[in-house]
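I have placed the structure first, in the form of structure tokens, so that the comments after it can refer back to it.
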Amino acid sequence: MTTTVAAPWLLRAVRPLGGEPADLLLAGGRVAEVARAGGIAPTTAGVAGGNVLDADGLFALPGFVDLHTHLREPGREDAETVESGTRAAALGGYTTVFAMANTNPVADTAGVVEQVWRLGRSAGHCDVRPVGAVTVGLAGQRLAELGAMATSAAAVRVFSDDGHCVSDALLMRRALEYVKAFDGVIAQHAEEPRLTEGAQMNEGSCSARLGMTGWPAVAEEAIIARDALLAGHVGSRLHVCHVSTAGSVEIIRWAKAKGWRVSAEVTPHHLLLTDELAATYDPVYKVNPPLRTAEDVAALRAGLADGTIDAVATDHAPHAPQDKDTEWAAARPGMVGLQTALSVVIQTMVEPGLLDWAGVAERMSLAPARIGGLPDVPVDARSSMGVGAPANLTLFDPEARWVVDPAGLASRSRNTPYRGMTLPGQVHATFLAGRPTVLDGKIR
Amino acid sequence: MNRHLLSTADLRRDDALLVLDTAEQMARLSDRSVKKLPTLRGRTVVNLFFEDSTRTRTSFELAAKRLSADVINFSAKGSSVSKGESLKDTALTLEAMGADAVVIRHAASGAPHRLAGWVRGSVVNAGDGTHEHPTQALLDAFTIRRRLGTVEGLRVTIVGDVLHSRVARSNVWLLRTLGAHVTLVAPPTLLPHGVADWPVAVSYDLDAVLPGSDVVMMLRVQRERMLGAFFPTEREYSRRYGLDADRAATLPGHALVMHPGPMVRGMEIASEVADSARSTIVEQVANGVSVRMAVLYLLLGGAGADERKPDDQYGEVADR
Ligand SMILES: [Zn+2]
């Protein structure tokens, strides 16, 4: 949403979608010219002295879009702010984040969503698209003013009570129907609340041994099945947040086969980590929905590979130390994830051969952009790198390996489950509408 | 021994036997007129009880005092998981006091594991949520061994609210380690969803299991479980899973009846069974002191913690 037109930039010998090296000229907020490496001379292109990036060895993908980010502002600025969260996003290669509504006050009015939207614009690290609450105060009782949020300056298209499930079937039906008027989508946190009272972790072998109340897969799957049927019935768009079980993947596959307008996202942590980690009782591994089993992880990867799951979304959920330095039951659920998402996707999807780079572009940028109703979305990965495409780009070194150090992350919070892990892929530069938000792996 | 006693799941067989053998020596001491040993003189044991349990706290206190340790009862009464001082801050306070061992009872599963990461001293789990209660299992094994001579090869039946029972979990792992065959009996609602992976047999029919049991352990069943729809009424629970005199009569002559206490007479166990000759309920209390003396003695290394051999330590979680 940057209004000032960025000065031209020349990216030399970058590899779009991991392909042959090329020179890309970014001007007027778009990709203005593409040529083979060495094909564009800075002088002829009118590029100012410093605006040449030697991108030899770097891959380019369209800037990532996160459908599921908790920026915590307003209300919990000790855990994250729009400024700190969007820094983390830019450093992770994101050009747009959808800011979840469970702030304090809740983003359930035009006033709050506009506040968040403005904070995003003034921070300038990436586009911030507020998500509106479905119900007033996330209480699941009355619809929030969805239309007012849609027509506000924030132009809200995604509505979610995330953190809570819209568990009332009638209310969910009405919400799905109502947002059709402005092509909105309901993003559901699928969790049947009666089946998860007091739940601490995935219900199964580990929870039985560890003596923790289980969060059964069926609590997610039952809601997804119900919502898919509702969406089919009323012809509305349903988006399923953070799919975490093998059964959910099957149900979504079935709903899509019916031709219903159902989309889904998976988080990086559900693609990599399993419930065995709860044996440490370290709440850094506590998240909602919980980490599941290795079989679930395999099904989620397969679902993301075949398109049953449309998008990767981080569910970046920063928490202050006092909310994690506790016994497991007292800790808040959630993990930070903006700066590790690409790396986890490379490790879990690209390196095992489940997804190529065009596939990563689709799952991390184009599909979430379409689901979120962003304007001007390239029709496919190839055209996202072509002349005329928006100059939202992520440049990264796929070969680099880095060790995750919580203190080195830009988020105000340190609750990463990847501490000490060596992960592949490092973001070097991020361009937002032709303007670098990250260069040399640092915020501009 | 491990540095901490957090769970019986990671207790090796030889360590478990060492605790039982040491407890035997401690029990002999208790028969003497002067019941004190100077072993832990100058050492500080903190009882940190976030849940009320006078019996367990008193048992640990007595055990520590008989070993001449200084005992601090750190009152966490009124504290809860969600309010007041955090567990971490409490841990830092205990650290500043120079606690050599912290005995913790907490409503949250895994709280002792967390504590073990924050203090230098040894941590003894005195019951954490619905996870484990290792000294209870050790004293149960000690009681069985005293009565029947061995644990190995015995058929032990555990009856009741396994789902919410830390006693059941600790017993399942320890009895398995010691070579017993464990059968769990409960209504299906009171068994954990993942129980199929446990090294136990499962039955819903108490009458079918009793004649083949050498030991029956009755677990406490809280009446409030009815509200969670775990069973319809107290009466129905008692009829299907309670140990009354008629049922107890179907046990082999040598079979023991155990209960970790506190028991609900008339609910899971009939009074005449609880008070019968095959009941070990009162002995279990006495044995608890001996076993806890043994645990503190071994963890604090009577002759000084520095003499612990490095290769006596193992386990990533339990052993920082
Ligand atoms: Zn959620």
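Protein sequences, first through last, are from chains A and B.
Each residue of the first sequence is one higher than the one before, starting from 1 at the first, in my numbering.
Each residue of the second sequence is one higher than the one before, starting from 445 at the first, in my numbering.
The beta-carbon is built from N, C-alpha and C at its ideal position, and this holds for glycine as well.
- Residues of chain B with a Cβ closer than 8 Å to the Cβ of A:S413 do not exist, since the nearest Cβ in that chain sits about 17 Å away.
- Along the region 278-295 of chain A, the positions whose C-beta sits under 9 Å from a C-beta of chain B are A278, A279, T280, Y281, D282, P283, read in chain order.
- Using beta-carbon distances, B:H703 does not count as an interface residue toward chain A, since no partner is under 8 Å.
- Assigned with DSSP and collapsed to three states, B:F674 falls in coil, not helix or strand.
- Taking B:V547 as the centre and dropping the five residues before and after it, the same chain places the C-beta of N491, F504, V568, A570 closer than 6 Å to its C-beta, in chain order.
- Rounded to the nearest angstrom, the gap between the Cα atoms of A:A187 and A:R173 is 13 Å.
- Under the three-state reduction of DSSP output, A:A27 falls in the strand class.
- In this structure the region 672-688 of chain B lies against the region 614-632 of chain B, because at least three pairs of beta carbons, one per stretch, are closer than 8 Å.
- In this structure, the CA atom of A:D227 is about 36 Å from the CA atom of A:G124.
- A check of alpha carbon separations from B:V611 across B:L598, B:L582, B:G623, B:A692 identifies B:L582 as the nearest.
- Cβ neighbours of B:V660 within its own chain (closer than 6 Å, five residues either side excluded): T601, V701.
- With the rule of 3 Cβ pairs closer than 8 Å, the region 198-205 of chain A does not count as touching the region 256-263 of chain A.
- DSSP, reduced to helix, strand and coil, places B:M702 within a strand of the structure shown.
- Taking 9 Å as the Cβ-Cβ cut-off, the region 125-143 of chain A has no residue approaching chain B.
- Secondary structure at A:W9: strand, using DSSP grouped into helix, strand and coil.
- A:G204 reaches chain B at H637, G638, counting residues in chain order whose Cβ is nearer than 7 Å.
- For ligand 1, a non-hydrogen atom lies closer than 7 Å to the CB of A:N288.
- Apart from sequence neighbours up to five positions away, the residues of its chain that approach A:L138 with a beta-carbon distance below 8 Å are A101, N102, V106, D108, D161, G163, H164, ordered along the chain.
- Taking 8 Å as the cut-off, the beta carbon of A:L26 is found closer than this to the beta carbon of A:G434.
- At least one C-beta of chain B is nearer than 8 Å to the C-beta of A:T326.
- In terms of side-chain proximity, the C-beta atom of A:H242 is found nearer than 7 Å to a non-hydrogen atom of ligand 1.
- Residues of the region 417-431 of chain A with a Cβ closer than 7 Å to any Cβ of chain B: none.
- Interface residue (Cβ-Cβ distance to chain B less than 8 Å): A:G211 is classified as such.
- When A:A110, A:N104, A:G93 are compared, the shortest CA-CA separation from A:C126 is found for A:G93.
- Close CB contacts of A:D168 within its chain, under the 7 Å cut and outside five residues either way in sequence, are with G140 (chain order).
- Less than 8 Å separates the beta-carbon of B:D658 from that of B:P696.
- Straight across, the Cα-Cα distance linking A:G303 with A:V249 is about 6 Å.
- Sequence-ordered contacts of the region 294-321 of chain A with chain B are nonexistent [C-beta pairs closer than 7 Å].
- Measuring C-alpha to C-alpha distances from A:C241 to each of A:W254, A:T314, A:G28 identifies A:T314 as the nearest.
- By the Cβ neighbour-count rule, B:A673 is exposed, with fewer than 16 other Cβ atoms within 10 Å of its own.
- For B:T488, the enclosing beta strand (DSSP E) covers residues 488-493.
- The Cβ-Cβ distance between A:A329 and B:S553 falls below 8 Å.
- Taken atom to atom, the span from the alpha-carbon of A:G38 to that of A:L395 is near 18 Å.
- Unbroken alpha helix (DSSP H) runs of no fewer than 4 residues, entirely contained in the region 560-590 of chain B, are not found.
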